[in-house]
């Protein structure tokens, strides 16, 4: 008899750090660095801007905050109708 699968909502995948550069985030999600930069400019991704406190007018480096992105993605996924949330498992015979 086959064991029951753990519910997807109980699965946790973590990246070893909470923030990454736009280029690294693009690599993680399969988008170009330019696409990620545009998403940041349009406030479509959670990010913080890091800059030297001794030089407040200097250019800052944007860092994408992965936990907030993951939480938003999870909320979007589970707000779909229940049959659609689990539909992909039918293709696997589950």
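Residue numbers (the UniProt record's numbering): 1 to 94. C-beta: ideal position from N, C-alpha, C; glycine also.
Using a Cβ distance threshold of 8 Å, residue 48 and residue 19 count as a contacting pair.
Membership of residue 66 in the alpha helix (DSSP H) is indicated by the continuous run 66-78.
Counting the other Cβ atoms within 10 Å of the Cβ of residue 67 gives fewer than 16, which makes it exposed.
Nearest to residue 44 by C-alpha distance, out of 36, 50 and 51, is 36. Taking 3 residues as the shortest admissible run, the region 22-59 contains the following complete beta strand (DSSP E) segments, listed from N- to C-terminal end: 47-50. Sequence-distant Cβ neighbours of residue 59 in its own chain, meaning closer than 8 Å and more than five residues away, are 51. Distance from the CA of residue 84 to the CA of residue 77, rounded to the nearest whole angstrom, comes to 9 Å.
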